[in-house]
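Presented below is the structure to which this report refers.
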Amino acid sequence: MKTYKGRVISPGTVKAEALVSHGGLNTLASFQKALQFGDKNATCGDQNNPDLYGKQMVGKALCLPQTIGSTTGGLVLYCACAMKRQPACMLFSKPIDSLAAAGAVLADVWVDDVTMPVIDSLGDEFLQEVKDGQMITVAEDGTVTVE
Numbered sequence: 001m002k003t004y005k006g007r008v009i010s011p012g013t014v015k016a017e018a019l020v021s022h023g024g025l026n027t028l029a030s031f032q033k034a035l036q037f038g039d040k041n042a043t044c045g046d047q048n049n050p051d052l053y054g055k056q057m058v059g060k061a062l063c064l065p066q067t068i069g070s071t072t073g074g075l076v077l078y079c080a081c082a083m084k085r086q087p088a089c090m091l092f093s094k095p096i097d098s099l100a101a102a103g104a105v106l107a108d109v110w111v112d113d114v115t116m117p118v119i120d121s122l123g124d125e126f127l128q129e130v131k132d133g134q135m136i137t138v139a140e141d142g143t144v145t146v147e
């Protein structure tokens, strides 16, 4: 068991199975099937992300370095939460970008009955150590435990 401490962007507690991306997450490409075509499992549609492509993101502890892509990124995250097709949490090894942060915060404030804790600045070691399928626990103070 290993513990990491990050900065809380969107608060909450959760325990979920890890889904790891070593490349940046293109939010629009990744969530497009979930938002436009009714995929309730939010199967990643980004063919340029071999770590995530074709994998279910709903309910997973999404571990990633950063988000990439267009200025729609924040809106995509907000919409995924509003449609209840969001990951259990998003855990960034690097500092979060302003667009992803905006989407997470807006979802936290505006969407009832949905939580998606978001923690950033967990460090490169976090992303090197965590593997798909490991259980992740997120505490309210930004402590992330990998079992």
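So the sequence shown is numbered by the numbering used here: it starts at 1 and just counts up by one. Every residue, glycine too, gets a C-beta built ideally from N, C-alpha and C. Keep in mind that this is a model prediction, so the values were computed, not measured.
C-alpha gap between Gly23 and Pro11, whole angstroms: If I take the Cα positions, the gap works out to 24 Å.
field: First and last residue of the uninterrupted alpha helix (DSSP H) at Thr137
entry: Careful: Thr137 lies outside any alpha helix (DSSP H), inside the beta strand (DSSP E) at 135-138.
query: How close, in whole Å, do the beta carbons of Ile96 and Asp124 come, if the pair is a contact with beta carbons under 8 Å?
result: Contact doesn't hold; Cβ gap of about 15 Å is too wide.
query: Is Gln86 closer than 7 Å to Met135 when the C-beta atoms are compared?
result: No, they are not a contact pair.
query: With a cut-off of 8 Å, do at least 3 Cβ pairs link the region 54-71 to the region 30-44?
result: Counting C-beta pairs closer than 8 Å gives three or more between the region 54-71 and the region 30-44, which meets the contact rule.
message: Starting from Ala130, trace the beta strand (DSSP E) in both directions and tell me its first and last residue.
response: Looking at the sequence itself, residue 130 is Val, so the reference to Ala does not match. Element bounds for Val130: n/a, residue is neither H nor E.
- prompt: From Lys84 to Trp110, what distance separates their C-alpha atoms?
  reply: One C-alpha to the other measures close to 13 Å.
task: If I'm right that Gly74 touches Leu106 with Cβ under 8 Å, what's the distance once you round it to whole angstroms?
output: About 7 Å separates the two Cβ atoms, so the contact holds.
query: Who are the near neighbours of Ala101 in its chain, counting only those whose CB is closer than 7 Å to its CB and skipping five residues on each side?
result: Within the same chain, Ala101 has close Cβ partners Ile9.
field: Residue from Val146, Glu140, Leu127 with nearest C-alpha to Pro65
entry: Among Val146, Glu140, Leu127, the Cα nearest to that of Pro65 belongs to Leu127.
- prompt: How close, in whole Å, do the beta carbons of Asp51 and Asn26 come, if the pair is a contact with beta carbons under 8 Å?
  reply: Not really, about 12 Å apart at Cβ, beyond 8 Å.
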